[in-house]
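*Asks:* Counting the sequence shown from 1 gives a position; the working numbering is that position plus 27.
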Amino acid sequence: MRYIFGPVYSRRFGISLGIDLSPDKKRCNFDCLYCELDRAKPVDRYDNPPESEEIVREVKEFLERNEYPDVITVTANGEPTLYPYLDKLIDQLKEIKGKSKLLILSNGSTIYNPSIRRSLSKLDIVKLSLDAADEKIFRKVDRGLKNIKVSQIIEGMKAFRKEFSGELIIEILVVKYVNDSVENIKKIVQALKEIKPDRVDLGTVDRPPAYRVFPVSNERLHQLAGYLKDFNVNVVERKYDKSYQFDLSKEDIINTISKRPLTEEDIQNTFSLESKKILEKLLKENVVKKEEKDGMFFYMLNSKLLLH
Ligand code: SF4
């Protein structure tokens with residue numbers, strides 16, 4: 028499988044089958060300080076994008092042999108709304124998704140564009156990011172292409188809310204010393220009053236980031252959440268309320284870990300006994316490595332050894 032990964036347990040959305048629209052390299056118009064992917068120069072388009080049919084074929088095959096996940100998540104090694112055939116892909120996924128919900132995880136940068144809004148409005152859940160509401164902090168944390176303005180993004184979000192009847196989630200990711208001030212949160216609150224999201228997810232750096240930046244404490248997250256009390260705010264902490272055991276093959280495990288480092292807890296809660304054994308073997312063979320970051324252990328691909 029080239030484009031799908033998981034299923035993985037997502038703290039916010041439940042069991043999620045991921046679709047990666049850019050499996051070969053990072054293609055993003057931002058270069059966020061907290062990005063889990065390697066650093067890469069921001070771009071505004073996908074070169075050589077895959078056909079939507081190739082992606083849909085993989086999703087269909089998965090759904091034929093497995094339980095429907097809670098969500099099918101359109102994402103990318105980068106920004107999924109830069110994928111040129113997104114509208115067609117969404118239409119095709121809607122035909123096969125069964126009881127699963129369709130979700131996109133976008134950085135929000137293209138939401139000012141009416142044709143992107145039309146495509147996203149066909150989904151069940153849309154998650155957009157808003158880490159700052161003024162240009163200076165936005166530039167510091169998200170480091171997007173020069174022509175991207177957060178004022179334009181906020182206007183796009185307001186327009187989208189009027190057009191979209193599904194669940195709109197705004198995610199704020201807080202980086203210590205960068206966008207964790209009360210002043211920044213208060214400015215975001217002003218924008219949110221007009222955007223009227225269904226939920227606000229407030230989180231912090233969680234997986235090993237591209238740059239040397241730091242998370243805020245849970246205590247600080249809860250303090251900041253106090254300023255968001257007029258909204259349905261979800262402070263993102265690690266928790267598992269469902270236990271699923273998926274049989275992932277060696278290839279599935281490598282593919283999943285290459286896209287997202289997994290914690291010990293992720294493995295315990297989603298891997299079957301057989302898959303755990305395969306992971307142990309991959310560790311012994313040095314294909315996968317286990318690294319400690321800020322007191323947590325992450326399983327990640329030993330990229331030096333994998334030349335695919
Ligand atoms: S928008 Fe997402 S993929 Fe792009 S740089 Fe930021 S965190 Fe990374």
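Each residue gets a CB set at the ideal place from its N, CA and C atoms; glycine is no exception. Keep in mind it's a predicted model, so treat the numbers as computed, not measured.
Which residues count as close to ligand 1 when the rule is a CB under 6 Å from any of its heavy atoms, in chain order?
*Replies:* CYS55, PHE57, ASP58, CYS59, CYS62, LEU64, GLY105, GLU106 and ASN134
*Asks:* Closer than 6 Å by C-beta to GLU78: which residues in its own chain qualify, once you throw out the five before and the five after it? Chain order, please.
*Replies:* none
*Asks:* Would you kindly check if the distance between the Cβ of ALA218 and the Cβ of TYR181 is under 8 Å?
*Replies:* The sequence shown places Ile at residue 181, not Tyr. In this structure, the beta-carbon distance from ILE181 to ALA218 falls below 8 Å.
*Asks:* What would DSSP say about VAL153, mapped onto helix, strand or coil?
*Replies:* strand
*Asks:* Taking only three categories from DSSP, how would you classify LYS213?
*Replies:* In the three-state reduction of the DSSP assignment, LYS213 falls in the helix class.
*Asks:* Could you tell me which of PHE191, SER302, PHE40 and CYS55 sits nearest to ARG170, measuring between CA atoms?
*Replies:* CYS55
*Asks:* If we cut at 8 Å on Cβ distances, does PRO111 have a partner in chain B?
*Replies:* The chain inventory of the structure shown lacks chain B, comprising one protein chain alone.
*Asks:* Find the nearest neighbour of HIS249 within the set ASN261, GLU319 and TYR112, judged by alpha-carbon distance.
*Replies:* Nearest Cα to HIS249 within the set ASN261, GLU319 and TYR112: ASN261.
*Asks:* Pull the bridge partners of GLY41 from the DSSP assignment, please.
*Replies:* SER37
*Asks:* Could you compute how far the alpha carbon of CYS62 sits from the alpha carbon of ARG234?
*Replies:* If you take the alpha carbons of CYS62 and ARG234, they lie about 9 Å apart.
*Asks:* Please name the residue or residues paired with ASN261 in a DSSP beta bridge.
*Replies:* ASP228
*Asks:* What number of angstroms, rounded off, separates the C-alpha of PHE325 from the C-alpha of THR283?
*Replies:* 13 Å
*Asks:* Kindly indicate the opening and closing residues of the alpha helix (DSSP H) around SER79.
*Replies:* 79-92
*Asks:* Within the continuous beta strand (DSSP E) that includes ILE131, where are the two ends?
*Replies:* Counting along the chain, the beta strand (DSSP E) containing ILE131 begins and ends at 128-133.
*Asks:* Let me know if VAL168 comes out buried or exposed under the rule of 16 or more other beta-carbons within 10 Å of its beta-carbon.
*Replies:* VAL168 is buried by the Cβ-count criterion.
*Asks:* For the beta strand (DSSP E) holding ILE196, just list the boundary residues, first then last.
*Replies:* 194-201 is the span of the beta strand (DSSP E), which, as asked, contains ILE196.
*Asks:* Kindly indicate which residue of LEU328, PRO107, LYS126 and ASP65 has the alpha-carbon position closest to the one of TYR73.
*Replies:* Per the Cα distances, PRO107.
*Asks:* Closer than 8 Å is the cut-off here; do at least three beta carbon pairs connect the region 79-98 with the region 293-310?
*Replies:* With a cut-off of 8 Å, the region 293-310 and the region 79-98 do not count as touching, because too few Cβ pairs lie within range.
*Asks:* Taking the alpha-carbon positions, what's the PRO50 to TYR30 distance?
*Replies:* 6 Å
*Asks:* Label LYS266 either buried or exposed according to how many other C-beta atoms from any shown protein chain fall within 10 Å of its C-beta, with 16 as the threshold for buried.
*Replies:* Unreliable positioning characterises LYS266 in this predicted model, as indicated by a pLDDT of 48, which lies under 50. A coordinate reading is not provided.
*Asks:* Quick test of your reading: PHE273 and PRO34, contact by CB under 8 Å. State the CB separation rounded to the nearest angstrom.
*Replies:* Right, their Cβ atoms sit about 6 Å apart.
*Asks:* Using the three-state DSSP reduction, which class does ASP47 fall into: helix, strand or coil?
*Replies:* Residue state, collapsed to three classes: strand.
*Asks:* Under DSSP, the alpha helix (DSSP H) around VAL168 begins and ends at which residues?
*Replies:* Its alpha helix (DSSP H) spans residues 162-169.
*Asks:* Starting from PHE191, trace the beta strand (DSSP E) both ways and give me its first and last residue.
*Replies:* PHE191 -> no beta strand (DSSP E), and no H or E assigned at all.
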